[in-house]
Amino acid sequence: KGIKEFYNLKYNAKDPAFYKGIGLPNGPDKEYICIGVKASNYFMPSETLSEKGPGGGGWILMDMTLAVKTRDGKAWSTDEQGYSRIYAIGDCNYGCVDEAGKKPDDWPIPPIPKISYPGEEEAVIAIRNIEKIDKLVFRGIKTDAFGYPLVPAKMHWPWGAGMFATSLGPDDACFVAGANWVKNSGLMCVWGSPCAVQKEIIEASKVDECAFGIVGRLIWHFVHHTPVHLFGGGPRWGY
């Protein structure tokens, strides 16, 4: 009650015509902005932060192994053997690995949405790299169980980053799958009340997993611990 909604109108706080167009010719008494995302990586040196990106930049730069790097592409935190020791995962990182002279669609890792799935996938890869470096540096183990050399795993554009379940109220929602970095990609495959139930199942099972519940772990464990990758850009035999 008393809430007015406006669509197809671009926000512009510096334009008096914008406020006049929404019935506030003298401007608002108080303004709350809840759009987009903003970096809070003030604790990191400026040379490790992006100059561009959502909210004006300030995101932690990472290489293909998710290790922190500088703006000139050098590893920021390596030990005496050259192995990286600090990784950036989830919302704090730049969300892509760019390459000068190329368009975002052609970058080694195009921009990734800042949602939960990519963050969890990045965590698995970063932790696996830490385990590998621990074996190499402190335990003298140079190969895996099959005799292949131990090397830090590289990140990829995670296929699960293209799935979005968006709530549209207590009894309505929509679910898009198959999206990627290409504009207008993906397909809305579930909607309405069935999708609202789907979101409830996702939420309840994820909370149970975080509480170390058996049901949640059985549902979600292999989402990020798939032993064999047939598609999606990950290594064939998992991490």
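Numbers 551 to 789, taken from my numbering, label the letters of the sequence shown in order.
All C-beta atoms in this analysis are idealised placements derived from N, C-alpha and C, irrespective of residue type, glycine included.
Per-residue burial, residue i [other beta carbons within 10 Å of its own, 16 or more giving buried]
i           : result
residue 611 : buried
residue 562 : exposed
residue 643 : buried
residue 662 : buried
residue 683 : buried
residue 595 : exposed
residue 747 : exposed
residue 679 : buried
residue 701 : exposed
residue 603 : buried
Test item: CB-CB of residue i and residue j under 8 Å
i           : j           : result
residue 616 : residue 638 : yes
residue 770 : residue 749 : no
residue 709 : residue 762 : no
residue 554 : residue 573 : yes
residue 645 : residue 664 : yes
residue 694 : residue 647 : no
residue 706 : residue 766 : no
residue 785 : residue 703 : yes
residue 492 : residue 743 : Beyond the ends of the chain as shown, which are 551 and 789, falls residue 492; an answer cannot be given.
Length of the line joining the Cα atoms of residue i and residue j
i           : j           : result
residue 753 : residue 691 : 40 Å
residue 566 : residue 605 : 23 Å
residue 609 : residue 599 : 5 Å
residue 779 : residue 687 : 28 Å
residue 740 : residue 760 : 26 Å
residue 570 : residue 585 : 21 Å
residue 733 : residue 681 : 37 Å
residue 719 : residue 751 : 16 Å
According to DSSP, residues forming a beta bridge with residue i
i           : result
residue 634 : 628
residue 675 : Per DSSP, none; premise fails for residue 675.
residue 599 : 610
residue 738 : 726
residue 715 : 725
Cβ of residue i within 8 Å of any chain D Cβ
i           : result
residue 586 : As a matter of chain content, chain D is missing from the structure shown, which is built from one protein chain.
Just checking, does the segment 728 to 745 make contact with the segment 708 to 720 on the three C-beta pairs under 8 Å criterion? Touching, yes.
Count the C-beta pairs between the segment 585 to 593 and the segment 625 to 634 that are closer than 8 Å, then say yes if the count reaches three, no if not. Too few Cβ pairs lie closer than 8 Å, so no.
Could you say if the segment 643 to 660 and the segment 560 to 580 meet the contact criterion of at least three C-beta pairs nearer than 8 Å? no
Any chance the segment 661 to 680 sits against the segment 769 to 783, with 3 or more Cβ pairs inside 8 Å? Yes, they touch.
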